[in-house]
Amino acid sequence: MKQLTMAGPGTSVLEEVPVPEIGPDEVLVRMKYCGVCRSELESWQTAEAGKRMGHEPVGTVEKVGAAVEGFKPGDRVSGWAYPALAEYVAFKAANTVKIPDAISDEDATVEPLACVVSAINKLPKEAFL
């Protein structure tokens, strides 16, 4: 499979690496999209060779670990998996969520926007001018 790896500051390369093995509490996800987050800009600009990035993933479950319940191959998912700029990524099942059918894969990549909306909704009314 291919994964994006930093070759140095501001420079990345695609490398051929083995598909990750999953543990009993993980799911193997074939990535479709991985958003690029503003929080990664400094890391990208200063990266040492070998650093991997990406943490806004969307993909489809290919395989589930022996202890995983609630997921099956074909489920569309997102969640916390780092680094995620690769064709396949092992997600901890506990950090994985199914994408509802009403949400497209493209729309599921709006995690940064969802974080902002959620934060604004939690602010006290006094915070608004």
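Take any residue in the sequence shown, note its place counting from 1, add 409, and you have its number in the numbering used here.
Note that the Cβ used here is the ideal one computed from N, Cα and C, for glycine as well.
- Pull up the CB-CB distance for residue 463 and residue 414, whole angstroms please, since I reckon it's below 8 Å. Not a contact, Cβ separation roughly 11 Å.
- Are three or more beta carbon pairs between the stretch 469-486 and the stretch 442-461 nearer than 8 Å? no
- Item | Residues near residue 503 by beta carbon distance below 8 Å, same chain, minus five either side | 434
- Query: Within the 8 Å Cβ cut-off, does residue 432 reach chain B?
  - Reply: As a matter of chain content, chain B is missing from the structure shown, which is built from one protein chain.
- Query: Thinking C-beta only, is residue 441 closer than 8 Å to residue 468?
  - Reply: yes
- Item | Residues sharing a beta bridge with residue 487, DSSP | 467 and 506
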